[in-house]
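Residue numbers (my numbering): 668 to 785.
So the structure is just underneath, and the comments pick up after that.
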């Protein structure tokens, strides 16, 4: 039986290095700085809710893809900066804590906790 070779996703994995704020207001914009070793396609920003489980049923699961500007390169360091748009209202994202992830080629960064509030 041949050994399974796993694709090395580390070269694709982005890393969020800085946020202009960790408290995000509805309808606002905020700056995100991230690093990628190898640029491969589109980088997107996603917000993931912190779901809870009761009676073996997961509730409150939510993922939002944020609108963002085209990432701009910062020198030759592999760092990029972009401006992201917060959700417009609590109808889309109830006020709470969310995990912000940068995703490149389906590979997510380690999440950063942010709070969405009015």
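Backbone N, C-alpha and C define an ideal beta-carbon position, used for all residues, glycine too.
Short check: CB of residue i to CB of residue j, under 7 Å?
| i | j | result |
| --- | --- | --- |
| residue 733 | residue 712 | yes |
| residue 779 | residue 765 | no |
| residue 682 | residue 776 | yes |
| residue 774 | residue 679 | yes |
| residue 707 | residue 772 | yes |
I believe residue i touches residue j by the beta-carbon criterion, under 8 Å. Please report the beta-carbon distance rounded to the nearest angstrom.
| i | j | result |
| --- | --- | --- |
| residue 735 | residue 720 | In fact, because the Cβ distance is near 31 Å, the residues do not count as touching under 8 Å. |
Under 8 Å Cβ to Cβ from residue i, same chain only, skipping five residues before and after it: list those, please.
| i | result |
| --- | --- |
| residue 786 | There is no way to answer for residue 786, as the model of the chain reaches only from 668 to 785. |
Going by DSSP, what residue range makes up the beta strand (DSSP E) through residue i?
| i | result |
| --- | --- |
| residue 689 | Where residue 689 is concerned, there is no enclosing beta strand (DSSP E), given that its DSSP letter is neither H nor E. |
| residue 725 | 724–726 |
| residue 679 | Residue 679 -> no beta strand (DSSP E), and no H or E assigned at all. |
| residue 759 | Taken as a continuous stretch (DSSP letters only), residue 759 belongs to no beta strand (DSSP E), as it is neither H nor E. |
| residue 716 | 710–716 |
| residue 696 | 696–702 |
| residue 784 | 779–784 |
If you compare alpha carbons, which of the options is closest to residue i?
| i | options | result |
| --- | --- | --- |
| residue 752 | 695, 758, 767 | 695 |
| residue 697 | 767, 704, 745 | 767 |
| residue 757 | 688, 692, 676 | 692 |
| residue 760 | 742, 739, 748, 785 | 785 |
| residue 741 | 728, 701, 707 | 701 |
| residue 763 | 729, 745, 770 | 729 |
| residue 738 | 723, 722, 699 | 699 |
| residue 747 | 690, 676, 688, 709 | 709 |
Below 7 Å CB to CB, which residues in the same chain sit around residue i once its five sequence neighbours on both sides are set aside?
| i | result |
| --- | --- |
| residue 754 | 693, 731, 760, 783 |
| residue 743 | none |
| residue 704 | 678, 745 |
| residue 690 | 782, 784 |
| residue 675 | none |
In chain order, what residues of the same chain have a beta carbon less than 6 Å from the beta carbon of residue i, not counting five sequence neighbours either side?
| i | result |
| --- | --- |
| residue 668 | Bear in mind that a pLDDT of 49 at residue 668, under 50, signals an unreliable position, so the number given afterwards is only what the model happens to contain. Same-chain partners within the cutoff: there are none. |
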